[in-house]
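Residue numbers for the sequence shown, in the UniProt record's numbering: 1 to 558.
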Amino acid sequence: MISLSFGVLAATQLSLACASRCRNQPGDAGYPTPAQWSALNDQVDGRLLHVVPSAKACLELHCTEAQWTSGLFRVGIPGSMNYYNWEEDYSVTPPALCLQNGTKCAQGRVPLLAINATSAAHIQAGVKFASRHNLRAAVKSSGHDYLGRSSQKGSLLFWTQYLQDVSFTDSFSIGSKHYGSAVTVGSGVGLKKMYAAALVAGKFVVGGTAATVSAGGGYTQGAGHSAFAPIYGLAADNALQYEIVIANGNLLTVNEYSHPDLFWAVRGGGPGSWGVIISVTFRTYPAFDTTMHTANVVTTSASQTGALFAAHARHVFDWDAQHAGQYFYLYNSPGRSELQLSTLFVNVTASESLALMKPLLDDARALGAAVLNETALTAPALAIVGFADDASGTNGVMGSRLVPATAYRNNPDGIGAAYAALVAGGVEAVLGHIVAGGKVSANAHIDSAVTPKWRTAKTHIIVVAHWDDSASPAQIEQIKQALTSNHVPLLAHMTGESDSGSYVNEADVREPNWKVTFYGRNYARLEAVKAEYDPYDLFIVRTGVGSDRWDADGMCRL
Ligand SMILES: Cc1cc2nc3c(=O)[nH]c(=O)nc-3n(C[C@H](O)[C@H](O)[C@H](O)COP(=O)(O)OP(=O)(O)OC[C@H]3O[C@@H](n4cnc5c(N)ncnc54)[C@H](O)[C@@H]3O)c2cc1C
Ligand SMILES: *[C@@H]1O[C@H](CO)[C@@H](O)[C@H](O)[C@H]1NC(C)=O
Ligand SMILES: *[C@@H]1O[C@H](CO)[C@@H](O)[C@H](O)[C@H]1NC(C)=O
Ligand SMILES: *[C@@H]1O[C@H](CO)[C@@H](O)[C@H](O)[C@H]1NC(C)=O
Ligand SMILES: *[C@@H]1O[C@H](CO)[C@@H](O)[C@H](O)[C@H]1NC(C)=O
Numbered sequence: 001m002i003s004l005s006f007g008v009l010a011a012t013q014l015s016l017a018c019a020s021r022c023r024n025q026p027g028d029a030g031y032p033t034p035a036q037w038s039a040l041n042d043q044v045d046g047r048l049l050h051v052v053p054s055a056k057a058c059l060e061l062h063c064t065e066a067q068w069t070s071g072l073f074r075v076g077i078p079g080s081m082n083y084y085n086w087e088e089d090y091s092v093t094p095p096a097l098c099l100q101n102g103t104k105c106a107q108g109r110v111p112l113l114a115i116n117a118t119s120a121a122h123i124q125a126g127v128k129f130a131s132r133h134n135l136r137a138a139v140k141s142s143g144h145d146y147l148g149r150s151s152q153k154g155s156l157l158f159w160t161q162y163l164q165d166v167s168f169t170d171s172f173s174i175g176s177k178h179y180g181s182a183v184t185v186g187s188g189v190g191l192k193k194m195y196a197a198a199l200v201a202g203k204f205v206v207g208g209t210a211a212t213v214s215a216g217g218g219y220t221q222g223a224g225h226s227a228f229a230p231i232y233g234l235a236a237d238n239a240l241q242y243e244i245v246i247a248n249g250n251l252l253t254v255n256e257y258s259h260p261d262l263f264w265a266v267r268g269g270g271p272g273s274w275g276v277i278i279s280v281t282f283r284t285y286p287a288f289d290t291t292m293h294t295a296n297v298v299t300t301s302a303s304q305t306g307a308l309f310a311a312h313a314r315h316v317f318d319w320d321a322q323h324a325g326q327y328f329y330l331y332n333s334p335g336r337s338e339l340q341l342s343t344l345f346v347n348v349t350a351s352e353s354l355a356l357m358k359p360l361l362d363d364a365r366a367l368g369a370a371v372l373n374e375t376a377l378t379a380p381a382l383a384i385v386g387f388a389d390d391a392s393g394t395n396g397v398m399g400s401r402l403v404p405a406t407a408y409r410n411n412p413d414g415i416g417a418a419y420a421a422l423v424a425g426g427v428e429a430v431l432g433h434i435v436a437g438g439k440v441s442a443n444a445h446i447d448s449a450v451t452p453k454w455r456t457a458k459t460h461i462i463v464v465a466h467w468d469d470s471a472s473p474a475q476i477e478q479i480k481q482a483l484t485s486n487h488v489p490l491l492a493h494m495t496g497e498s499d500s501g502s503y504v505n506e507a508d509v510r511e512p513n514w515k516v517t518f519y520g521r522n523y524a525r526l527e528a529v530k531a532e533y534d535p536y537d538l539f540i541v542r543t544g545v546g547s548d549r550w551d552a553d554g555m556c557r558l
């Protein structure tokens, strides 16, 4: 008798636990009824949408091929991801796909519904609704996320792309503290729009090299690097205030005085884990001109490419006095590699830039590489650093490491050897960035969740891999495994560190030791902030803080 009733009790508790362990999906008893969705739609001024994968949306919109591959076009499609493999669900067999020109279309990892928000109130209503009904939530602005964190299977999406306000002030203050010149942008504002407005206002604002990346979306939550970070610091270092809707639906103003713990976390603690950002305020600076030097360097063997990058490593401090930023992108094909170098200088003329680059390029020629297309031009900084559009609608993954200055000083040949091994191993591209050092290191005192590895880094180096829609699931898996198991470890080895770090926004979602690699010693403090502002884990993204409590889809607690 007794053991039987224990058994019944245990079973009842188990089924209750199971019921709340997972987010409600269509068909579940707790999933909102059509009448409840309709009431939400009224609350958000009729802005609730059904979301479909971009390939399906494009059939209805009759997209041209140029539109399919345009970041500027795709940000207007609620289900679209820049790397559209993040719309597909490869975790089920057969994969749930919706490919361009495909004959079948599955929903995959694309959210079910979205709120096309134009106000904080729309987000507040949606967040309260998602919390009340135990729904899977997603937050997206541009859909640029390289780790797929802005698309979530079975979710209600808080879509912030149309929070488009931009306003400048010469006297931003919080209480009695004055910060001077600043800009406040809605979390849907892309860099292209922000730069255009800043150019008109005669201001400079730290941002990245892209058109549609949202300054107030994932960018500063990752850290936000820029070619001008060596002069002005990371974008997160320049963020003064956020407006953010947290999981209980409250709209908070977050800065160094108000909710300083959340202000700490949202600057670098990883995107998508804290709440829905409505706007961000950045420091601005007077506009200035930049001189951009470019050259292409062609090598014809792995060993020659290795020698070229050992030379680059020895010259990497040549431009420190100018605090230059540099993109050094290597594109590899069988028997031929091309390094595309772009170096951005301030207070340097075009002819001075040629002289500053000459030692490296002379060494490149001496080892038999061909130096092509050297150019130097001077123009307003924000006219040069922005992009007209971003390539989009392709499939790809990436991985990265922050390579410390000590590795460059102590072991330039080791860096060359890692490049040689990457090229010999068939890497598609290795995208190097001098976007640290200088002010990024000097800002180590700023108390934010930016991983400390940014403060000791000299470069941020990414490996990428792409495939086209003809690749089979097995081939795609092979490409991902080569990245995670072969290419990223070569970058990790390059750092000379056993606890090497990676930039959380341009990284491999399969990083095995992601807590250390993405967050370092900040993780425990991030967990504490998460417990305070999102105690029920509404905002869960893969490799985000707290995601280890959930399955890979963030659907069920482990
Ligand atoms: C072409 C290109 C160029 C890039 N260049 C740079 C660069 O120069 N420097 C650099 O540092 N990075 C760069 N990145 C990486 C960029 O920082 C990340 O892709 C970033 O996550 C994009 O943020 P998003 O909001 O635009 O993208 P989304 O895909 O919309 O979102 C990214 C993440 O932020 C979250 N998020 C989005 N909106 C909000 C919001 N309103 N509130 C809270 N969370 C939100 C999402 O949940 C997701 O986790 C580049 C990316 C691309 C595609
Ligand atoms: C889809 O069709 C368009 C138009 O014919 C073509 O340009 C594009 O390359 C096709 N895409 C794929 C993945 O086959
Ligand atoms: C989202 O809202 C904006 C602003 O009102 C509007 O221009 C856009 O067409 C809407 N998008 C969709 C997919 O409904
Ligand atoms: C460029 O020169 C101006 C004028 O001398 C100076 O104010 C500014 O700080 C310099 N900028 C950098 C990045 O050195
Ligand atoms: C660079 O030079 C090569 C060889 O002279 C030429 O074919 C190529 O078009 C040039 N590229 C650019 C971007 O100018």
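Heads up, the beta-carbon is just placed ideally off N, CA and C, and yes, glycines get one too.
Quick caveat: nothing in here was measured; it's all calculated off a predicted structure.
| Asked | Found |
| --- | --- |
| Whole angstroms are fine: how far does the CA of ILE231 sit from the CA of ARG314? | 22 Å |
| Please find out if some non-hydrogen atom of ligand 2 comes closer than 8 Å to the beta-carbon of ASP551. | no |
| Is it the case that the CB of ASP165 approaches a heavy atom of ligand 1 more closely than 8 Å? | no |
| Mapping the DSSP letters down to three states, classify LEU157 as helix, strand or coil. | strand |
| Quickly, what does DSSP pair SER167 with across the bridge? List them, please. | THR184 |
| Does the region 262 to 272 come within contact of the region 289 to 306, defined as at least 3 CB pairs closer than 8 Å? | no |
| Excluding five sequence neighbours on each side, which residues of the same chain lie with their C-beta closer than 6 Å to the C-beta of GLU511? | THR517 |
| Taking 9 Å as the threshold (C-beta atoms), are ALA465 and GLU428 in contact? | yes |
| Could you spell out the range, first to last residue, of the beta strand (DSSP E) harbouring SER141? | It is not in any beta strand (DSSP E) - SER141 carries neither H nor E in the DSSP assignment. |
| Kindly list the residues whose CB is nearer than 6 Å to the CB of SER441, restricted to its own chain and excluding five residues on each side of it in sequence; keep chain order. | ARG455 |
| According to DSSP, is VAL348 helix, strand or coil? | coil |
| Less than 8 Å between the CB atoms is what I'm expecting for VAL280 and THR220, so what's the real figure, rounded? | 6 Å |
| Looking at PHE282: is its Cβ nearer than 9 Å to the Cβ of VAL183? | yes |
| How would you label CYS98, buried or exposed, when you count the other beta carbons within 10 angstroms and need 16 or more for buried? | buried |
| Using 10 angstroms around the beta-carbon of ASP165, count the other beta-carbons present and answer buried if the total reaches 16, otherwise exposed. | exposed |
| Answer with buried or exposed for PHE328, where buried requires no fewer than 16 other C-beta atoms within 10 angstroms of its C-beta. | buried |
| Does ASN373 pass the burial test, meaning 16 or more other C-beta atoms within 10 Å, or should it be called exposed? | exposed |
| What separation, rounded to the nearest whole angstrom, lies between the Cα atoms of ILE2 and ASN41? | Note that ILE2 scores 37 on pLDDT, short of 50, meaning its location in the model is unreliable; the coordinates nonetheless yield the value given after this. Taking the straight line from one Cα to the other gives about 51 Å. |
| Tell me the residue span of the beta strand (DSSP E) that contains residue 598. | Look at the range of the chain in this structure, 1 to 558, and you will see that residue 598 is not part of it. |
| Can you tell me the Cα-Cα spacing of LEU491 and ARG47, whole angstroms? | 45 Å |
| Tell me whether the beta-carbon of residue 560 lies closer than 9 Å to the beta-carbon of SER226. | A query on residue 560 cannot be resolved here, the shown segment of the chain reaching from 1 to 558 and no further. |
| Going by beta carbon distance, what residues of the same chain come within less than 7 Å of PRO473, once the five residues before and after it are set aside? | TYR90 and PRO95 |
| In chain order, what residues of the same chain lie with their CB nearer than 8 Å to the CB of residue 559, ignoring the 5 residues before and after it? | Lying outside 1 to 558, the shown extent of the chain, residue 559 is not represented and no answer is given. |
| Would you kindly work out how many angstroms separate the C-alpha atoms of VAL8 and LEU558, rounded to a whole number? | With a pLDDT of 39 at VAL8, under the threshold of 50, the predicted position of this residue should be treated as unreliable, though the coordinate-derived value follows. Looking at the two C-alpha atoms, the distance is approximately 23 Å. |
| According to DSSP, is VAL75 helix, strand or coil? | coil |
| Give me the pocket residues for ligand 3, defined as CB within less than 5 Å of any heavy atom, sorted by chain position. | ASN116 and TYR162 |
| Residues in the same chain with beta-carbon distance under 7 Å from ARG267, minus the five sequence neighbours each way, listed in chain order, please. | THR220, ALA236, ALA239, SER448, ALA449 and VAL450 |
| Can you tell me whether DSSP reads LYS458 as helix, strand or coil? | strand |
| Leaving out five residues before and five after HIS323 in sequence, what residues of the same chain have Cβ atoms less than 6 Å from its Cβ? | PRO230, ILE231 and GLY438 |
| Compute the Euclidean distance between the alpha carbons of PRO535 and TYR285, then round it to the nearest angstrom. | 38 Å |
| Would you list, in sequence order, the uninterrupted beta strand (DSSP E) runs of no fewer than 3 residues that lie entirely inside the region 451 to 497? | 457 to 467 |
| Check the DSSP bridge columns for ASP289 and list the partner residues they point to. | PRO380 |
| Who are the Cβ neighbours of LEU4 in its own chain at under 8 Å, not counting the five residues just before and after it? | At LEU4, the pLDDT of 38 sits below 50, so the modelled position is not reliable; the number obtained from the coordinates is stated separately. So the list is empty, once near-sequence residues are dropped. |
| Between GLY27 and ALA114, what straight-line distance do the alpha-carbon atoms span, to the nearest angstrom? | 19 Å |
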